[in-house]
Every structure is written in structure tokens, then in C-alpha cells.
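Just below is one structure, and these are the notes that go with it.
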Amino acid sequence: MRLNRARKTIRNLILCALLWALVYTMLGFPPYTVRGMLDRVERQYLLSDLEPLLTVRESQKPRFQFFGRHTICLLARTGDTYVFTEWNRHFLETVHESRRELKMGQGVLCAAWKGTIYAAGPFENAASAVLEVTPELWKREKLVKSKTFPLQGERLGDQVFGFSYPLGYHSWTFEEYDPEDLPEEELTLYGACYAWYHESFDGGGSLRHGEVPCVLTLYDAAGAELARYDLSLDNYEITWW
Amino acid sequence: MRDKFQTWVDAVCEQVRFWPDRKAIARELRVHYDDHVRDLLRLGRPRELAEERALEAMGNAQEVGWALDRVHKPWLGWLWEASRALVLLLAVLVVVTPREYTTLSTLRDRTRAELDWEEPPASAARVELEHGTLYVLPGEIREQNGHTAAEVHLWIQMRDPLAANGGVNTWFFSWRDDQGDLPRRTYDERTRTWTEGRCWDHGPPWSQGWTRFRQTMVLLLDRPPQWAELSYPPGGDWTVRVEWEAAS
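Residue numbers (the working numbering), protein chains in the order written: chain A, 7 to 247; chain B, 1147 to 1394.
Right under this line is the structure:
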């Protein structure tokens, strides 16, 4: 049967729909918008009405790759539940970052990503915020050392403060120093979260997961303390970038 | 006369707005014209006369052009071209798309789990969620490594398959029983130990369909529970209670 142009067009469009469905299925039904990502989180984590509070995007264009790689971090809330989620997009693929689980918190949430610790909560009345992060060095069930890093907050949204900290490679090796004796200049937040949670063994070492205590303090315009929250971060959040 | 015909063809094609078709139109008009010329030559007409008559028979160039333009609609022409390009592009994408996200075995397993779904018993507690329904039923109570393990069976039925690929995640569920809160069982890398004593963990069976999910949770307790409450999200937008005595 010879088809006219209109019928050929309809046939092609049907074929396109089928092929797209196949591609979309093969890609694992990726979401392409912030709303789509939050819809996915809602369904996956049995939540409802997630409202985006902050979207942080970062794009990279690796050499020899035609399409760039985009990272999208989302802070969202539903009621007084806050979530932090990270997605990676490359051409048609959009996947939830597999190395970083979704973080969920009640009342207040803090999560670190590439040199910034984001804290979300009912902060509308706060004029400023300070986050004190305290990495700890434990040896044989005993707390050997700890250091508190106070970080000044920058308002990023009605309910979000951002706390920047310097990232960087350490110039020392574990052969040179015992983590306990690390020189003061190497004891940055990043350095402490790396060295104090590192475990050496014959032929190598690894970074174990550990909770890093944080205290978030909110202040009003007059400098009076409004609220104080005890929170925690995983050391991987601080050191991984 | 060749030039005269070409001029006529050009005049016809100028009227056709969908320019990609002009070449094919010109080719077809030439076939008609050549057939007519050949017929006249066969009837014994001199070539010059035959060509002249054949050209006259082709009609008014502008009118023919308008008629052809009505048939070769630009919007349909461009839509057709676009659909062809799109089919080609998508065919290439099918070939180059990585298959690790949804493999054939994933499709098969999800479909099987979807079809194998058994409705939860009527006695199961039920929670209506924004995107689905959750059913909770108390299960078996047994001894496990010096603890009492109380199973709780979950049926989760979503309204659409959007969550299918990531599955349903219940890691943030919070449980409490008649003795207090139960933390999730976690591994402490510092002490290299799993949470001991009262806690909860995931257990078998586990099945993930497209919209239907089954899961069992195990509450590790010191003694058989009378009841347990599940609340979610962490602060508890909703709470559902399971009672073992009532179930038995």
C-alpha cells in the first residue's frame, strides 16, 4: 500500500513516540526539570508536596566530550520535613547521584556540598547564623582530639543559610604525620575531616564514614540568640567534592 | 524547445512554496512532457511541432503551479521532513543509549513482581498517601540471635509508575513500640559494630513491581511486642499502628 505524505507523517510520528518510549525506558525514566526531580523524590520516598527552597547547579564540560555534565542539588521541604538531593545530568541521562543518599531531616537539615554547608529550616526571622562544625578524632573508643570551626552564614533564601569552607588537597601524607600530630596549618575543616576519619592499614588506607557534630545558632538583628540546633554531617559530605 | 519547457517548468516550480519538492515536481513534469512528445513523434509529427504541442498541452504554468502548491502544502512537507529526521535521530539514540539503567532483566522482574502482587489481607492497617496507599500487617514473632524479631509486612501501591526505577525507599521510616523509639539498624564504622539491641531493619521478602512494592521490616526487640507504630516522615505526618495480639 502506497501511503500519502500525511499518512507517512502520522506513521513517522507514531514511530517516534515508540522509539522515545524505548529510549526513555532504557534511560530509567529520567526527570528533566526541578519539578520532575522533586516528583520523583516524592514518589520514591513516599512524601508529598515538596516545595523547592534552593537549587544549586554546576556544569562541567569535560574535554573530548560533546555534551556537558550538570549537577543539580535541591533543597526542598514539605511541612517541617526538609530534604537534600543531588542529581547528575549528561545529555539525556538524569540520575540520582548514587554516592550521595538523599538526606532528610525534621525541623532543620544541614548538608554539605562542594565547599558549602547548606542549612534549611524555619529561619525567616533570623538576621544571621553561625555554624560550628566539630570534627573529632577517636582512637580505641576514646576521643583524642577535636576542633571547632565556626562558619559565618550567608542567607541564600527565606529558609536557607549557606556556610562556605575552603576545599583543597592536603599537601601531607600519612607517612609524614600521624593524624593526631597534624600541624595546625593543615587543620582546616576539610583537612581534619579527612585526616581524623582516615584509617590506615597495610598497603593503604580508607576514609570511614563518621558523624561530624554541628551546632547551628541563629541570631536576630540585635545580635541576640534566637535558636540553637544540634545537627550532624557525614565527614564524606565535607571531604567529597 | 528544451529551453522553453525548462522556462515553463521553472515558472511552475516558483509557485510551489515547499521548495524541497521542486526537483521531484520538475522530474515528473518532464516525464509527462517527454511521453507526450514521444506519442506525437510516433504519430509522424515533426519534432519541433511535437514539442510545441506537448508544451501547449501542459497548460498554463501559473495555474499548474498553484494546483501543485495546494497539494504540496509547506506545513505538511516540513512536518514530514521533521518526522523523518526525528525517526533517524531516535533510531541512533536507541543504538547509543546506555542500557545499564533499565535492562531487560529489570523489565522482566518488575513486570513479574507487578503481576505476582497479592492484595493485602483486609485486616491490614491502611494509610492513604499523596501518591499511593500503604498497607501494614503484623507478621511472625521469632527468636533471632538472642533478640525477639517481630516482622511487619508492608504493601505499597503507587498510583503511577514514576517511582519504579528508583523503587520505594523506606529508610527514613521511624518505628516505636510499647517500650519506646526504635532506631534504624546501622553499621558504626568507628566501632565496627552493628547497632545492638532495640532497632529495626529491612528483611525479606522484597519485591519491586512498576506500581506495587512489597517489603518486610524486622523489629529487633528485647521481648515480644504488643504493638508497634510506624510514623513518617521522621516527625510523623501520619502514624499507623500494628497490634500483634489483635492479629493473632
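Note that beta-carbon positions come from the ideal geometry of N, C-alpha and C, so glycine has one too.
Every value quoted in this text rests on a predicted model; they were computed, and no experiment measured them.
Would you mind reading off the limits of the beta strand (DSSP E) that contains residue i?
i, result
"residue 134/A", "134 to 139"
"residue 1324/B", "Looking at the DSSP string, residue 1324/B is not in any beta strand (DSSP E), and its letter there is neither H nor E."
"residue 119/A", "115 to 119"
"residue 157/A", "155 to 163"
"residue 94/A", "87 to 96"
"residue 1304/B", "1293 to 1304"
"residue 40/A", "Segment 40 to 50 is the alpha helix (DSSP H) holding residue 40/A; no beta strand (DSSP E) there."
Verify whether the separation of the beta carbon atoms of residue i and residue j is less than 8 Å.
i, j, result
"residue 1211/B", "residue 1174/B", "no"
"residue 100/A", "residue 93/A", "yes"
"residue 188/A", "residue 116/A", "no"
"residue 219/A", "residue 204/A", "no"
"residue 5/A", "residue 82/A", "Chain A is shown from 7 up to 247; residue 5/A falls before or after that span and cannot be answered."
"residue 73/A", "residue 96/A", "yes"
"residue 156/A", "residue 199/A", "no"
"residue 167/A", "residue 233/A", "no"
Check for me: the alpha helix (DSSP H) holding residue i runs from which residue to which?
i, result
"residue 1371/B", "Element bounds for residue 1371/B: n/a, residue is neither H nor E."
"residue 1229/B", "1220 to 1242"
"residue 1182/B", "1168 to 1188"
"residue 1353/B", "Run containing residue 1353/B: none in the alpha helix (DSSP H); it sits in the beta strand (DSSP E), 1345 to 1354."
"residue 3/A", "Residue 3/A lies beyond the residue range present for chain A, which begins at 7 and ends at 247; the question has no answer from this structure."
"residue 196/A", "195 to 201"
"residue 242/A", "241 to 245"
"residue 230/A", "Note, residue 230/A: premise wrong, no alpha helix (DSSP H); not H, not E."
Taking residue i as the reference, which of the options has the closest Cα?
i, options, result
"residue 1232/B", "78/A, 24/A, 200/A and 199/A", "24/A"
"residue 1269/B", "1300/B, 1295/B and 1227/B", "1300/B"
"residue 2/A", "127/A, 146/A, 192/A and 195/A", "Residue 2/A is absent from the model: chain A starts at 7 and stops at 247."
"residue 1225/B", "149/A, 232/A, 11/A and 157/A", "11/A"
"residue 1237/B", "57/A, 28/A and 199/A", "28/A"
"residue 210/A", "76/A, 179/A and 237/A", "179/A"
"residue 1177/B", "1167/B, 1204/B, 1163/B and 1162/B", "1204/B"
"residue 139/A", "191/A, 212/A, 123/A and 166/A", "123/A"
"residue 1286/B", "1386/B, 1390/B, 1186/B and 1357/B", "1390/B"
"residue 1156/B", "1172/B, 1262/B and 1363/B", "1172/B"
"residue 235/A", "43/A, 112/A and 80/A", "112/A"
"residue 1288/B", "1168/B, 1365/B and 1261/B", "1365/B"
"residue 1322/B", "1266/B, 1380/B and 1206/B", "1380/B"
"residue 1337/B", "146/A, 197/A, 208/A and 212/A", "146/A"
When the Cα atoms are used, what is the spatial distance from residue i to residue j?
i, j, result
"residue 103/A", "residue 1313/B", "15 Å"
"residue 1147/B", "residue 1214/B", "Confidence is the limiting factor: at residue 1147/B the pLDDT is only 47, short of 50, which leaves the residue's position unreliable, though a coordinate-based value still follows. Spanning the two alpha carbons is a distance of roughly 23 Å."
"residue 1151/B", "residue 1199/B", "11 Å"
"residue 1170/B", "residue 1208/B", "18 Å"
"residue 1154/B", "residue 1221/B", "26 Å"
"residue 1257/B", "residue 1384/B", "30 Å"
"residue 172/A", "residue 1349/B", "42 Å"
"residue 1275/B", "residue 1219/B", "51 Å"
"residue 1158/B", "residue 1165/B", "12 Å"
"residue 91/A", "residue 1368/B", "36 Å"
"residue 1346/B", "residue 1335/B", "18 Å"
"residue 70/A", "residue 1217/B", "47 Å"
"residue 1329/B", "residue 1240/B", "45 Å"
"residue 1392/B", "residue 1372/B", "With a pLDDT of 46 at residue 1392/B, under the threshold of 50, the predicted position of this residue should be treated as unreliable, though the coordinate-derived value follows. Roughly 9 Å separates the two Cα atoms."
"residue 1356/B", "residue 60/A", "30 Å"
"residue 1303/B", "residue 120/A", "37 Å"
"residue 1387/B", "residue 191/A", "54 Å"
"residue 148/A", "residue 183/A", "20 Å"
"residue 1316/B", "residue 1223/B", "52 Å"
"residue 1281/B", "residue 89/A", "25 Å"
"residue 1229/B", "residue 1259/B", "37 Å"
"residue 98/A", "residue 42/A", "14 Å"
"residue 53/A", "residue 201/A", "37 Å"
"residue 80/A", "residue 32/A", "25 Å"
"residue 1324/B", "residue 1352/B", "27 Å"
"residue 7/A", "residue 22/A", "21 Å"
"residue 170/A", "residue 1252/B", "41 Å"
"residue 1305/B", "residue 1296/B", "29 Å"
"residue 118/A", "residue 215/A", "14 Å"
"residue 1327/B", "residue 159/A", "34 Å"
"residue 1163/B", "residue 20/A", "27 Å"
"residue 193/A", "residue 144/A", "16 Å"
"residue 65/A", "residue 213/A", "27 Å"
"residue 154/A", "residue 137/A", "10 Å"
"residue 1254/B", "residue 1307/B", "15 Å"
With a cut-off of 8 Å, does the C-beta of residue i fall near any C-beta of chain E?
i, result
"residue 173/A", "The structure shown contains no chain E; its protein chains are A and B."
Segment contact flag, the segment 132 to 142 of chain A with the segment 222 to 236 of chain A, C-beta cutoff 8 Å, min 3 pairs = The segment 132 to 142 of chain A is in contact with the segment 222 to 236 of chain A.
inquiry  = For the segment 1234 to 1248 of chain B against the segment 18 to 38 of chain A, do three or more pairs of beta-carbon atoms, one drawn from each stretch, fall closer than 8 Å, so that the two count as touching?
reply    = yes
query = If you pair each beta-carbon of the segment 1340 to 1359 of chain B with each one of the segment 7 to 19 of chain A, do three or more pairs fall below 8 Å?
reply = no
query = Does the segment 1187 to 1204 of chain B come close enough to the segment 235 to 245 of chain A to have 3 or more Cβ pairs within less than 8 Å?
reply = Segments in contact, no.
Given 8 Å, three or more beta-carbon pairs between the segment 1176 to 1188 of chain B and the segment 1200 to 1210 of chain B = yes
task = Decide yes or no for the touch test of the segment 45 to 55 of chain A against the segment 1356 to 1376 of chain B: beta carbon pairs closer than 8 Å, at least 3 of them.
result = No, they do not touch.
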